[in-house]
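**Q**
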């Protein structure tokens, strides 16, 4: 299970073991703006903002951000 926390202009994704409540890993997204959605995939977490999506590797915490051709609405 993961939670996204907004802290100023950055967002932290905190992954927690649902059984024990212990934090497994934490990743910081710099300049992510307001997070609209967070989705788990086999490749990592997809973090959507209004105009971009970041793929966050769950193991390394590295991210790749891609601009969207329009505003993110839902998905």
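Residue numbers (this note's numbering): 60 to 134. We put the beta carbon where it would ideally sit given N, CA and C, even for glycine.
1) How many Å lie between residue 131 and residue 96 at the Cα?
2) Per the DSSP calculation, residue 131 is bridged to which residue(s)?
3) Out of 78, 76, 86 and 81, which one is the CA nearest neighbour of residue 64?
4) Runs of 3 residues minimum, wholly inside the stretch 88 to 129: which ones carry the beta strand (DSSP E) assignment?
5) Below 7 Å CB to CB, which residues in the same chain sit around residue 76 once its five sequence neighbours on both sides are set aside?
**A** On the basis of the coordinates in this document:
1) As a position in the chain shown, residue 131 is number 72, starting the count at 1. As a position in the chain shown, residue 96 is number 37, starting the count at 1. Spanning the two alpha carbons is a distance of roughly 9 Å.
2) Along the chain shown, one-based indexing puts residue 131 at 72. Looking at the DSSP assignment, residue 131 forms no beta bridge with any residue, so it has no partner.
3) Working through the chain shown from its first residue, we reach residue 64 at position 5. Ranked by Cα distance from residue 64, the first of 78, 76, 86 and 81 is 86.
4) Counting whole runs of 3 or more residues, the stretch 88 to 129 contains the beta strand (DSSP E) stretches 96 to 100, 103 to 107, 111 to 115 and 122 to 126.
5) Locating residue 76 in the chain shown gives position 17, where the first residue counts as 1. Cβ contact annotation for residue 76 (same chain, cutoff 7 Å, sequence separation greater than five): 83, in chain order.
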